[in-house]
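Residue numbers for the sequence shown follow our numbering, beginning at 32 and rising by one.
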Amino acid sequence: MPTFAERVHEKSPLLTRGDRTLLHELLENPVEAPLWRGEDLARRAGAHPAAATRLAQRLGYDGYLQLREELRAEHNRRLTGSADRFRSEQRERGSQGPLSALVDSEVRALDMLVRHLDDDLLAEVADEIAGARRIFVFGRGNASVLAELMDRRLRRFGITSVNLAGSGRDLAERILPLREDDLVLAFAFRRAPRDLGPLLRHVGAVGARSVLVTDSLHTLDPAPTTVLAAPRGDLDGFASLTVPMAISNAIVLALAQRHPRLTLPALDRLDDLLPVFD
Numbered sequence: 032m033p034t035f036a037e038r039v040h041e042k043s044p045l046l047t048r049g050d051r052t053l054l055h056e057l058l059e060n061p062v063e064a065p066l067w068r069g070e071d072l073a074r075r076a077g078a079h080p081a082a083a084t085r086l087a088q089r090l091g092y093d094g095y096l097q098l099r100e101e102l103r104a105e106h107n108r109r110l111t112g113s114a115d116r117f118r119s120e121q122r123e124r125g126s127q128g129p130l131s132a133l134v135d136s137e138v139r140a141l142d143m144l145v146r147h148l149d150d151d152l153l154a155e156v157a158d159e160i161a162g163a164r165r166i167f168v169f170g171r172g173n174a175s176v177l178a179e180l181m182d183r184r185l186r187r188f189g190i191t192s193v194n195l196a197g198s199g200r201d202l203a204e205r206i207l208p209l210r211e212d213d214l215v216l217a218f219a220f221r222r223a224p225r226d227l228g229p230l231l232r233h234v235g236a237v238g239a240r241s242v243l244v245t246d247s248l249h250t251l252d253p254a255p256t257t258v259l260a261a262p263r264g265d266l267d268g269f270a271s272l273t274v275p276m277a278i279s280n281a282i283v284l285a286l287a288q289r290h291p292r293l294t295l296p297a298l299d300r301l302d303d304l305l306p307v308f309d
């Protein structure tokens, strides 16, 4: 059964402005929203009392009560800490060894990847990266590993890239030259890092584009221009970076395949330079 976030992502083109106002209230109040009645939500959004039910049905729920139960379940899952996720994984694994259990889990997650993304969307992202003046790469926590790797690979292709690492003040300094012909590539999972919302607002203010690689953050406000979303595994269990790493690698391969005149000569020049510095 799809999650609330997946339903919103799938039905997004069908949602009205009123629906989005209701969703904004739900997303801005993740702790309180699972306790609201439909009329409570509608009143906060300045909408008709029946609006909450219409939103729920548009998202594929029987009614608002079912939507609220899903919000409560997802809220409880978000309260699960890292240690609890490992305990859940161990219970699921039973007597199976960690290596074989990990391989099984990753294979299932990678198999699901092709159901959530397709080559056409990856091609669009590759074209946007190739056409941008400069790429700003963002990641926090575990996602910073992917940001650093993508920053390095873009530079190897001769693409001007800026890794938005460091504190919020560092980020502000580094996005100062951001213009409408630039692109922000962000990685974020489970919970949106504190700096992501302000970053996306600034991207929108200057008219630049943004791409988010994520597992469950379908409903950010403001929304990224493009979302590449696929689950990393069981929501309650351990989730590795294998799936977002595969997405990153697919973007790199799409860049090389679709824009060889941009990327491959840069690799040739790098091959000539590396012995000089070895």
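Note that beta-carbon positions come from the ideal geometry of N, C-alpha and C, so glycine has one too. Being a predicted model, the structure only gives us computed values, none of them experimental.
Measure the C-alpha to C-alpha separation of residue i and residue j and round it to an integer number of angstroms.
i    : j    : result
L102 : F35  : 7 Å
G235 : R68  : 33 Å
R89  : K42  : 8 Å
H290 : F188 : 10 Å
L266 : S241 : Note that L266 has pLDDT 49, beneath the 50 cutoff, so the model's placement of it is unreliable and no number is given.
V307 : R183 : 19 Å
A254 : A223 : 12 Å
E100 : D71  : 15 Å
D149 : L293 : 23 Å
A154 : L216 : 15 Å
M32  : T84  : 20 Å
L98  : Y92  : 6 Å
P61  : H147 : 25 Å
L298 : A239 : 27 Å
Q127 : A174 : 28 Å
A76  : G49  : 8 Å
A104 : P129 : 28 Å
P296 : Q288 : 13 Å
A73  : H40  : 21 Å
L141 : S131 : 15 Å
G94  : R139 : 32 Å
L133 : D309 : 37 Å
With distances taken Cα to Cα, identify the nearest neighbour of residue i among the options.
i    : options                   : result
A64  : R85, G128 and H106        : H106
G172 : L148, A154 and S198       : S198
R186 : H40, R300 and D50         : R300
L231 : D309, L202 and D303       : L202
R38  : D309, D302, S247 and R263 : S247
R263 : H40, Y95 and V145         : V145
L152 : L286, L305, D309 and L295 : L286
R221 : L141, R139, T245 and P296 : T245
E59  : L305, V237, G228 and D309 : G228
Let me know if residue i comes out buried or exposed under the rule of 16 or more other beta-carbons within 10 Å of its beta-carbon.
i    : result
E204 : exposed
A81  : exposed
P208 : exposed
L284 : exposed
E56  : buried
M181 : buried
D212 : exposed
P275 : buried
D135 : exposed
L66  : exposed
D303 : exposed
D226 : buried
What is the C-beta distance between residue i and residue j, in whole angstroms, given that I count them as a contact (C-beta under 8 Å)?
i    : j    : result
L259 : I278 : 5 Å
A281 : M143 : Wrong, their Cβ atoms sit about 15 Å apart, outside the cutoff.
A178 : F169 : 6 Å
L214 : E159 : 6 Å
T47  : V156 : With 8 Å as the limit, T47 and V156 do not qualify as a contact, their Cβ atoms being about 28 Å apart.
L45  : A78  : Incorrect: roughly 17 Å between the Cβ atoms, too far for contact.
A270 : L243 : So it is not a contact: roughly 17 Å between Cβ atoms.
L272 : V176 : 7 Å
R210 : V237 : 6 Å
Can you confirm whether residue i, when its beta carbon is compared against all beta carbons of chain B, has any partner nearer than 7 Å?
i    : result
L153 : Within the model displayed, chain B is absent; a lone protein chain is all it includes.
Item to check | Segment contact flag, the stretch 157-173 with the stretch 190-199, C-beta cutoff 8 Å, min 3 pairs | outcome: yes
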